[in-house]
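Presented below is the structure to which this report refers.
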Amino acid sequence: MGHMRTEAVVDLDAIRDNVAVLRSRTPAEVMAVVKADGYGHGLVPAARAALAGGAGWLGVAFLEEALALRRAGITAPVLSWLAAPGEDLAAGVAADVDLSAGAPWAVAELAAAARDAGRPARVHLKIDTGLSRGGATAADWPELVTAAALAAAAGEVEVVGIWSHFAYADAPGHPTIAGQVAAFGEAVEVARGLGVDPPLRHLANSAATLTLPAAHFDLVRPGIAVYGLSPVPPADFGLTPAMTLRSSVALAKRVPAGSGVSYGHVHVTPTGTGLALVPLGYADGVPRAGTSVGPVQLRGRRYTVAGRVCMDQFVVDVGDDPVEAGDEVVLFGPGRDGGPTAQDWAEATGTISYEIVTRIGARVPRTYRGGGR
Ligand SMILES: *Cc1c(COP(=O)(O)O)cnc(C)c1O
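Last residue of the sequence shown: number 373 in the numbering used here, and the count goes up by one each step with no gaps.
Right under this line is the structure:
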C-alpha cells in the first residue's frame with residue numbers, strides 16, 4: 001500500500017480504554033454516545049470499540065444513525081433522541097431502537113409506529129430541567145407522562161426511561177447544575193405519582209460523568225470523553241485522544257524576505273525562509289479560523305499555520321529548519337512528544353474540541369489502529 005497523503009488515524013484501543021476509564025468512575029451503566037459518525041471517528045468502529053470497553057448502551061441523535069448500527073449487526077441497546085414529526089419511527093421500533101419523547105404528539109407518533117411495527121415502542125421521556133432545548137418543561141411534564149401512561153396501558157409503548165441534559169456541566173459548581181439535578185428528581189417524583197416509574201434515569205454527559213457522581217443515576221451518557229477529549233479543564237482524567245490528523249508536506253521551497261504567503265498575504269515572510277505546503281484545508285475540516293494560529297508538528301517541532309487556511313491547503317513557515325516534500329505533518333493527536341491536540345486547535349480557533357474532531361471532512365480517510373485489527 002502506498003503512503004497516505006492525509007489520514008485521520010483512529011486508535012480504537014484508546015476508545016476502548018477510555019470507556020473502561022469511564023466505567024471505573026461510576027456504578028451506573030455507560031451509554032457511549034456515537035452520534036455524528038462517532039464524533040468524526042467512524043460510527044461503527046467507534047461503537048464496537050466502546051462496547052469492547054464495557055459500554056452497555058449506545059446513544060445517537062438521529063434514527064438513521066441507530067439503523068446504521070443495527071445494519072452493521074450491533075445488537076446492544078441503542079437510544080436515538082432527536083426526531084422531527086413524520087419520520088419513519090416504525091423502522092426504529094422494528095429494529096429495537098429506543099426513542100425519546102418530549103411532547104404528547106411524539107408519544108402519539110410512537111404509538112402509531114408501534115402499531116405498524118407490531119410491537120411496543122420503547123420510550124425514554126425527556127424532561128427539560130433547564131437547558132431549554134429538548135424535552136417537556138415542568139409545566140408540560142404531567143401531560144407528557146399521562147400520554148405515555150395511557151399508551152403504555154394500551155400496550156403501545158413501554159416507558160423505559162426518564163432523562164434530561166445539562167446546560168453547564170462543563171463548569172463544575174455552576175449553580176444551574178444543582179438546580180437541574182433537583183428539577184430532574186422532581187420530574188421523576190411527579191412521574192411516579194402518575195404511575196410511571198421506569199427503570200432508567202439518566203442525566204450525565206461526559207462532564208458530569210467525570211465530575212458529578214450525584215448525577216449518574218442508572219446510566220451515564222458520555223460522548224467526547226469516549227474519544228479521549230475532556231470537556232472540563234484540567235484535562236487529566238486518564239483519557240487518551242483517539243484521533244490523530246496527519247498529512248504529508250506536498251511541496252517545500254525557499255522564498256525571499258517580503259514574500260506574501262497564501263490568500264490575502266496575511267503572512268509576509270520577515271526573512272528569507274522555508275515554506276512547507278500542507279494538502280489539507282477547510283474543506284477537510286481544518287478551521288479557516290486556524291489562519292496564522294493553528295498549531296502543527298513537523299519533524300518533532302511545533303509551528304503555526306502561516307497565513308490563510310485555504311479550501312484544500314495551507315502553508316507552514318519553518319524558517320531555516322530542514323523540511324522536505326513527503327515529511328509528516330501532524331495537526332493534532334494524543335499530544336505526546338509535545339505534539340498539538342484537538343484541544344489546542346480548539347483554543348487557537350475559539351471553539352471546542354468537539355467541533356474540531358466532528359468536522360473533519362469526508363475527504364479525509366479514516367484509518368484504524370488497534371481494536372483487534
Ligand atoms: C451529545 C450528547 C451527549 C454527550 O455529550 P458530551 O458532552 O459529548 O459527553 C449526551 N447526551 C445528549 C442528549 C447529547 O446530545
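Every residue, glycine too, gets a C-beta built ideally from N, C-alpha and C. The structure displayed is predicted, hence computed values, not measured ones.
In the DSSP assignment, what residue or residues form a beta bridge with residue i?
i    : result
I15  : Partner(s): none; I15 has no beta bridge.
H3   : In DSSP, H3 forms no bridge with anything.
P27  : In the DSSP output, where bridge partners are listed per residue, P27 has none listed.
D317 : L275
P295 : T304
K35  : Answer is none; K35 lacks a bridge partner.
V323 : Paired residue(s): none; V323 is not in a bridge.
L131 : Answer by DSSP bridge pairing: none, since L131 is not bridged.
L125 : A101, I162
Go ahead and label residue i buried or exposed: buried means 16 or more other beta carbons lie within 10 angstroms of its beta carbon, across all protein chains shown.
i    : result
S100 : buried
R122 : buried
W105 : exposed
K253 : exposed
G338 : exposed
T75  : exposed
S247 : buried
E156 : buried
A113 : buried
A139 : exposed
T341 : buried
S353 : buried
V60  : buried
P120 : buried
V34  : buried
P231 : buried
M4   : exposed
V286 : buried
G40  : buried
E324 : exposed
V268 : exposed
P322 : exposed
E65  : buried
T291 : buried
A73  : It should be pointed out that residue 73 corresponds to Gly in this sequence rather than to Ala. It counts as exposed.
P233 : exposed
So what's residue i in DSSP terms, helix, strand or just coil?
i    : result
V107 : helix
G290 : helix
D116 : helix
V309 : coil
V21  : helix
L280 : coil
Q) Counting only runs that start and end within the stretch 136-207, where is the alpha helix (DSSP H) found for 4 or more residues in a row? A) List check, alpha helix (DSSP H) in window: 141-153, 175-193.
Would the stretch 260-271 count as touching the stretch 303-323 if we require 3 or more Cβ pairs under 8 Å? Taking 8 Å as the limit for Cβ pairs, the verdict is that the stretch 303-323 does touch the stretch 260-271.
- request: Just list the beta strand (DSSP E) runs in the stretch 328-364, keeping only unbroken ones of 3 residues or longer that don't cross its boundaries, in chain order.
  value: Entirely contained in the stretch 328-364, the beta strand (DSSP E) runs reaching 3 residues are, in chain order, 328-332.
**OP:** Mind listing, in chain order, the continuous alpha helix (DSSP H) runs of no fewer than 4 residues lying wholly within the stretch 201-278?
**Re:** Segments of the alpha helix (DSSP H) lying fully in the stretch 201-278: 206-211.
Assess, as a yes-or-no matter, whether the stretch 219-234 is touched by the stretch 178-194 under the definition of 3 or more beta carbon pairs within less than 8 Å. In the pairwise beta carbon analysis, the stretch 178-194 is classified as not touching the stretch 219-234: fewer than three pairs are separated by under 8 Å.
### Message
Just to confirm the assignment: which complete alpha helix (DSSP H) runs, minimum length 4, are found wholly within the stretch 45-103?
### Response
The stretch 45-103 contains these whole alpha helix (DSSP H) runs: 63-71, 89-94.
**Report entry** contact_flag[the stretch 193-203, the stretch 142-158] where n(CB pairs < 8 Å) is 3 or more
**Finding:** At 8 Å Cβ cutoff, the stretches touch.
May I ask you to verify whether the stretch 361-373 touches the stretch 2-13, counting CB pairs closer than 8 Å and requiring at least 3?
A contact is defined here as three or more CB-CB pairs under 8 Å, and the stretch 361-373 meets this definition with respect to the stretch 2-13.
If we count Cβ pairs, one from each stretch, closer than 8 Å, do we get three or more for the stretch 339-355 versus the stretch 14-31?
No, the stretch 339-355 does not touch the stretch 14-31.
Discussion item. Below 8 Å, how does it come out for the stretch 322-335 and the stretch 195-207: are there three or more Cβ pairs, yes or no?
Written reply: Taking 8 Å as the limit for Cβ pairs, the verdict is that the stretch 195-207 does not touch the stretch 322-335.
Legend entry - Any 3 or more C-beta pairs closer than 8 Å across the stretch 167-181 and the stretch 88-100: No: fewer than three Cβ pairs fall under 8 Å.
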